[in-house]
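Read the structure below first, then the notes.
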Amino acid sequence: MISRREFLQATAAASALTVGGGVGQLGRVAAQQRLTQADITRFDPLGTVTLLYVTDIHAQLMPLHFREPSINLGVGEARGVPPHISDAEFRKYFKLATGSAEAFALTSDDFVALARNYGRMGGMDRVATLIGAVRAERGDDKVLLLDGGDNWQGSWTSLQTRAQDMVEVMSALRLDAMVGHWEFTYGAERVKEIADKAPFAFLAQNVRDNEWQEPVFEARKMFERGGAKIAVIGQALPRTAIANPRWMFPKWEFGIREEDLQKQVDESRAAGAAVVVLLSHNGFDVDRKLARRVKGLDVILTAHTHDAMPGLIRVGDTVLVASGSHGKFVSRLDIEVKDKKVAGVRFKLMPVFSDAIAPDPAMKALVERVRAPFAKDLARPIGKTDSLLYRRGNFNGTFDDVICHAMLAERDAEISLSPGFRWGATLLPGDAITWEDVTNATAITYPNCYRSQMTGAQLKEILEDVADNIFHPDPYFQGGGDMVRVGGMGYALDISKSVGSRVSGMVHLKSGKPIEAAKSYTVAGWASVNENTQGPPIWDVLAAHLAKAGAIRIEPNNSVKVTGA
Amino acid sequence: MATASIPRVRLPAQAKPGELIEIKTLISHEMESGQRRDSAGKVIPRKIIKQFVAAFNGKTVFEADWHPAISANPYQSFFYKAAESGEFTFTWKDDDGSEYVAKNKLTVG
Amino acid sequence: MVLKSVEKTRRETLTLAAMAGLALLIAPRMSLADEAAVAAEIKKLYGDKKLESGKIKLDVPEIAENGLVVPINVEVESPMTDSNYVKTVHVFADGNPLPGVVSYRFTPACGKAAASIRMRLAQTQNIVCIAEMSNGALHSVKANVKVTIGGCGG
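Chains W, V and X, in that order, give the protein sequences.
Per this note's numbering, numbering through the first sequence is continuous, rising by one, with the last residue being 642.
Per this note's numbering, numbering through the second sequence is continuous, rising by one, with the last residue being 117.
Per this note's numbering, numbering through the third sequence is continuous, rising by one, with the last residue being 268.
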C-alpha cells in the first residue's frame with residue numbers, strides 16, 4: 078500500500094528522534110522529542126509544483142486538543158488497513174515512537190499525559206505561518222493551496238456569522254480552491270453567495286439541479302504553477318442530501334457520479350493538464366475504491382472521514398493524501414513534472430504544534446478581529462470536567478456521553494440519541510467548560526433537541542440504518558460519520574452481518590429490561606434532518622445540564638458490545 | 009386539487025446533420041399512484057400520465073410507458089439523431105384521457 | 115435554565131414516521147412486490163427466453179437521496195441502425211407495490227438508446243432492466259438502491 082520510499086519520507090522526522098521508553102519515561106522522552114518550527118517545515122524539495130492541503134478544519138480558528146480515534150474499524154477491503162488501524166498498530170505501521178510528538182498527534186492512547194507535554198495543535202495563525210514558510214521557500218508561483226471542505230462549520234463564531242469568519246480567514250490565506258459538505262447546511266442561497274463572491278473557487282463536479290440536471294457549481298479549475306498546468310476537480314460529499322437536511326438545499330442533488338468525473342479528468346488532460354488532482358470530500362474508503370475505477374487521477378486529496386496519515390497511500394498510479402482535521406495538520410505534496418506528466422512526488426504531513434510554531438501576526442490579528450464580537454460569550458464558564466472529554470471513535474465518546482446524559486436529564490427522556498459527528502474539540506481533565514467548548518461540540522444550523530415517542534422497533538430500525546451507513550462492506554453504500562450515540566440504552570452490534578441483523582440485545586439500562594419492539598419509549602435527540610423539528614437548541618440543553626451537574630466524571634461506557642470486527 | 013399540467017422541453021434549436029442531441033422534458037403532474045390512502049383511510053384513486061410519445065415530422069421516434077412508480081412532475085430525457093429540419097411533437101397521455109402537447113422546431117444544416 | 119417538556123405533537127409524530135423510513139409513501143397493509151413478481155413480469159413478456167448479461171449500463175444512485183425522486187439513467191450499447199437497434203427497454207423494481215417502473219420503445223432515429231427518468235422507491239430494493247434488441251436477443255442487468263433514513267453524518 079505504501080512504498081518503502083514514501084515510508085521513509087513519511088517517517089523521516091520520527092526516525093530522527095529517539096525511540097522513547099514509553100509512558101513511564103514521558104518527561105525525558107518529551108524533552109528529547111519536542112519539535113521546533115524548523116523540524117516541522119524541514120523538507121527536501123522536489124520538482125516545481127507544491128500542493129498545500131488542509132481539510133475538515135471545522136471552523137476552528139484557535140489551537141485546541143483533538144484526540145484521534147481508539148476505534149476506527151474498517152469493513153470489506155478496508156478491514157485492518159490504514160486508515161482503519163489505531164494506536165499501537167498505527168504506530169507500528171507508520172514507525173512512530175510511543176510517546177513521540179507524532180504519536181501524540183496521530184494516536185489516542187495516553188492522550189492526557191502527552192497533551193500536557195506537547196500542548197495544543199492547530200490555530201489558523203500557526204497554519205498561516207506554515208503556509209507562509211512554504212511559499213517563501215518555494216515561491217508563490219509554485220504553490221497551490223487547497224481546502225477539502227468542512228471548513229465553515231463547527232464553531233459558535235462560524236454559526237453566528239454564517240461562515241463569514243472562515244471565508245475571511247481562508248481568503249487571507251490566499252486559498253485557491255475548496256469543496257463542500259457541512260458548508261451546504263448554511264442553505265443553498267448562502268453557499269451560492271459565497272461561491273460567487275469569494276476570491277477562491279468553490280468546486281463541485283457532482284452537484285446538479287434536480288429539475289434539468291444542470292451543474293450547479295464550477296466542476297474544475299485549471300491552475301498554472303511551476304510551469305505546469307494543474308487541473309483541480311472538486312467533489313462535494315456525495316451523501317450530503319442524506320447525511321444533512323435536504324430541505325436546506327431542496328433543488329440540489331449530489332451522488333458520486335463516477336462517469337461525469339471520468340469526463341472531467343479526460344477533458345482536463347485534453348486541455349493540457351500535466352497534473353490532475355481530485356479535491357474530494359468522498360471520505361477515504363470511497364476514494365480508495367474510486368481511485369481504482371476512475372482512470373488518470375494523479376492525486377486524490379481526501380477529506381470527510383478525518384483520517385490523518387503520515388504517508389501516502391498508493392492505488393495504481395494515484396496517490397491518496399489524508400490530512401486529518403481541526404487544523405492539526407498541513408499536508409505538503411511536492412510534484413515533479415516531466416514531459417507533461419507526473420514523474421515523482423514527495424510528501425510530508427506537517428503537524429501544527431501550536432507551542433512550536435510562531436503565530437503569523439497578520440492572521441493572529443484577523444482571528445482576534447473576527448472573534449472579538451463574541452469573545453465575552455465564548456469565554457463564559459458553563460461547567461467543569463474531571464474526565465477527558467472527546468468525541469471521535471466508532472461507538473461512543475465521552476463528550477457524547479455528556480450530551481446524552483444532558484438530554485436524558487433535561488428532556489426527561491428514557492433514551493437519548495446523539496449523532497456520530499466526527500468533529501468537536503477535546504477537553505482535558507481539570508478543564509473549565511466554556512460556552513466555546515459547548516458550542517464547538519454542537520454548533521449546527523439544525524440544533525433542535527426533540528422529545529418524542531418511539532417504539533422499540535423504530536429504535537432498532539434507526540440503529541440498523543446508521544450501522545449500515547458505516548459498516549456496509551461496499552464504501553459506495555456508506556454515508557460517513559460514526560455510529561449514533563445512545564444514552565439510557567445498551568445494545569450489541571455484529572458489524573460482520575448485513576442490514577437488519579447487526580443489532581441485537583437492546584436493553585433499557587435503568588430498568589435492565591429488554592427493549593420491546595411494540596412498546597413506546599420517550600426519546601430525546603438532536604440534529605434531525607427533518608424540517609420543523611421542535612425543541613430547544615442542543616447547546617442550551619447541554620449548558621443547562623453542565624450548570625447543574627458540577628464537575629463532570631464519565632465512567633467507562635460498556636453499553637455497546639461489538640463483535641465481528 | 010390537481011395542478012394544470014404544463015409541459016416544458018429543452019432541446020437545441022439547431023443541429024448539424026448526424027448530430028446526436030439530448031431532449032429533456034418536464035411536465036407538472038401529481039402522478040397519483042393509487043397506492044396512498046387519505047386521512048379517512050380511503051385509497052386515493054390512481055391518476056397518472058401513462059404514456060409519453062415523441063414524434064418528428066409526424067413519425068414516432070421514442071415512446072415511454074410510465075407506471076405509478078414514476079415520480080410526480082415527471083422528467084424524461086432521451087436522444088435524437090438530427091437528420092433533417094422539422095418539428096417535434098411531444099404528447100403526454102393522462103389516465104383520464106386528456107393529452108398534453110408541446111411542439112418544438114429543429115433546424116438542421 | 116429550566117426546559118419545558120413538550121408533549122408529542124402531530125408534527126413530531128410525522129417527523130418520526132419519516133425518520134423510521136418511508137412507510138408513509140405506501141398505504142398500510144398494502145403488499146410489496148418481490149423478486150418473484152419481477153420474474154413473473156419478465157416471463158409474461160418473454161417466456162423462458164435466455165437473458166444475457168452485458169450491453170446495458172444502468173446508472174442509479176447507490177443510496178437514494180429522496181425515495182420519492184430517484185434518478186435512473188439507462189443506456190444500451192447499440193449502433194442504432196435500421197438493421198441493428200434496441201427495440202425496447204423495461205425497468206422493474208422488486209420492492210415497490212407494483213413491479214413496473216417504465217418501458218421505453220426506441221427507434222433507429224434515436225441514434226443512441228439512452229433515457230433518463232425519476233422514480234419512487236418505497237424501500238431498499240433491486241432495479242432490474244431488460245433490453246430487447248432488434249434481432250430478438252435479450253439482455254438484463256440488476257442494481258441495488260439503498261433507501262435510508264439519513265442523518266448523523268460526520
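Where a beta carbon is used, it is the ideal one built from N, C-alpha and C, also for glycine.
Only a predicted model underlies this, so the values are computations on that prediction, with no experimental measurement involved.
Could you tell me the distance, in whole angstroms, from the CA atom of residue 461 (chain W) to the CA atom of residue 512 (chain W)? Residue 461 (chain W) and residue 512 (chain W): Cα-Cα distance of roughly 11 Å.
How would you list, in chain order, the residues of chain X whose beta-carbon sits under 9 Å from the beta-carbon of residue 287 (chain W)? Within 9 Å Cβ-Cβ: 179, 180, 183, 185 and 232.
Could you give the C-beta distance for residue 89 (chain V) and residue 59 (chain V), rounded to a whole number, given that I count them as a contact under 8 Å? With a Cβ gap of about 23 Å, residue 89 (chain V) and residue 59 (chain V) do not count as contacting.
Host alpha helix (DSSP H) of residue 180 (chain W) (start-end): Segment 178-183, the alpha helix (DSSP H) holding residue 180 (chain W).
If distances are taken between C-alpha atoms only, which option among W:271, W:366 and W:243 comes closest to residue 445 (chain W)? Nearest C-alpha to residue 445 (chain W): W:243.
Taking the alpha-carbon positions, what's the residue 626 (chain W) to residue 325 (chain W) distance? Rounded to whole angstroms, residue 626 (chain W) and residue 325 (chain W) show a C-alpha spacing of 35 Å.
Buried or exposed (CB count within 10 angstroms, at least 16 for buried), residue 630 (chain W): Counting the other CB atoms within 10 Å of its CB gives residue 630 (chain W) a total below 16, which places it among the exposed residues.
Assign residue 164 (chain X) to buried or exposed, taking buried as 16 or more other Cβ atoms, counted over all protein chains shown, within 10 Å of its Cβ. Classified as exposed, residue 164 (chain X) has fewer than 16 neighbouring CB atoms from the shown chains inside 10 Å of its CB.
Output needed for residue 186 (chain W): all residues of its chain with C-beta closer than 6 Å, excluding positions within five of it in sequence on either side, in chain order. Within the same chain, residue 186 (chain W) has close Cβ partners 164.
Using the beta-carbon count (16 or more within 10 Å), is residue 198 (chain W) buried or exposed? By the neighbour-count criterion, in which a residue is buried when 16 or more other Cβ atoms sit within 10 angstroms of its Cβ, residue 198 (chain W) is buried.
Looking only at its own chain, which residues have a Cβ that is under 6 Å from the Cβ of residue 46 (chain V), when we skip the five neighbours before and after it? These residues qualify, in order along the chain: 52.
Where residue 252 (chain W) falls: helix, strand or coil (DSSP): Coil.
Interface positions of the region 318-343 of chain W facing chain X (Cβ-Cβ less than 8 Å), listed along the chain: If the cut-off is 8 Å between Cβ atoms, the region 318-343 of chain W has 318, 319, 320, 321, 323, 330, 331, 332, 333 and 336 near chain X.
Whole beta strand (DSSP E) elements within the region 102-164 of chain W, 3-residue minimum: The region 102-164 of chain W is shown to contain whole beta strand (DSSP E) runs of 3 or more residues at 126-131, in chain order.
Could you work out which residue in W:301, W:263, W:259 and W:294 is closest to residue 253 (chain W) when comparing CA atoms only? If we check each option's Cα against that of residue 253 (chain W), W:301 comes out closest.
Output needed for residue 576 (chain W): all residues of its chain with C-beta closer than 7 Å, excluding positions within five of it in sequence on either side, in chain order. Residues 541 and 545 of the same chain have their beta carbon placed closer than 7 Å to that of residue 576 (chain W), with the five preceding and five following residues left out of the count.
Note down, in chain order, every chain W residue with its Cβ under 8 Å from the Cβ of residue 256 (chain X). At a beta-carbon threshold of 8 Å, none of the residues of chain W lie near residue 256 (chain X); the nearest stands roughly 15 Å away.
Residue 481 (chain W) lies in the alpha helix (DSSP H); which residues open and close that run? Its alpha helix (DSSP H) spans residues 475-487.
Can you give me the C-alpha to C-alpha distance between residue 477 (chain W) and residue 143 (chain W), rounded to a whole angstrom? Note on geometry: alpha-carbon atoms of residue 477 (chain W) and residue 143 (chain W) lie some 14 Å from one another.
How about residue 263 (chain X): is its C-beta nearer than 8 Å to some C-beta of chain W? So, interface residue.
Establish whether the CB of residue 260 (chain X) and some CB of chain W are separated by less than 8 Å. Chain W contact via Cβ: present.
The region 201-230 of chain X: positions lying closer than 7 Å to chain V by Cβ: Of all residues in the region 201-230 of chain X, the ones placed with a Cβ closer than 7 Å to any Cβ belonging to chain V are 207, 210, 211, 212, 214, 215, 216, 217, 218, 219, 220, 221, 223, 224, 225, 226, 228, 229 and 230, in chain order.
Span separating the alpha-carbon of residue 395 (chain W) from that of residue 386 (chain W): Cα to Cα, residue 395 (chain W) sits roughly 16 Å from residue 386 (chain W).
Chain X within 8 Å of residue 37 (chain V), Cβ atoms only: Chain X contact via Cβ: absent.
Does the count of Cβ pairs from the region 215-222 of chain X and the region 144-156 of chain X closer than 8 Å reach three? Cβ pair count under 8 Å is below three, so no.
By how many angstroms is the C-alpha of residue 603 (chain W) removed from the C-alpha of residue 642 (chain W)? So the alpha carbons of these two residues sit roughly 29 Å apart.
DSSP three-state assignment for residue 160 (chain X), whether helix, strand or coil: Reduced to three states, the DSSP call for residue 160 (chain X) is helix.
Give me the Cα-Cα distance between residue 63 (chain V) and residue 253 (chain X), rounded to the nearest whole angstrom. Whole-angstrom Cα-Cα distance: 27 Å.
DSSP three-state label for residue 199 (chain X), please. Here residue 199 (chain X) sits in coil by DSSP.
Nearest neighbour of residue 117 (chain V), chosen from V:98, V:93, V:55 and V:106 [CA to CA]: Ranked by how close their Cα comes to the Cα of residue 117 (chain V), the residues V:98, V:93, V:55 and V:106 have V:93 in first place.
Taking residue 553 (chain W) as the query, report the chain X residues whose CB atoms sit under 7 Å from its CB, ordered along the chain. What residue 553 (chain W) touches in chain X: 176.
By the DSSP assignment, the alpha helix (DSSP H) with residue 59 (chain V) in it spans what residues? No alpha helix (DSSP H) contains residue 59 (chain V), which is instead part of the beta strand (DSSP E) from 57-64.
Please work out which residues of its chain come closer than 8 Å, Cβ to Cβ, to residue 537 (chain W), disregarding the five sequence neighbours upstream and downstream, and give them in chain order. Cβ neighbours of residue 537 (chain W) beyond the five flanking positions: 580, 583, 592 and 594.
Using a threshold of 7 Å, is the CB atom of residue 477 (chain W) nearer than that to any non-hydrogen atom of the ligand SAM? Annotation note on the ligand SAM: not contained in the displayed structure, which lists no ligands.
Which parts of the region 354-402 of chain W are runs of the alpha helix (DSSP H), unbroken and 4 residues or longer, counting only runs that do not cross its ends? Restricting attention to alpha helix (DSSP H) runs no shorter than 4 residues, the region 354-402 of chain W encloses them at 361-370, ordered along the chain.
Per DSSP, what kind of secondary structure is residue 324 (chain W) in: helix, strand or coil? If DSSP states are grouped into helix, strand and coil, residue 324 (chain W) belongs with the helices.
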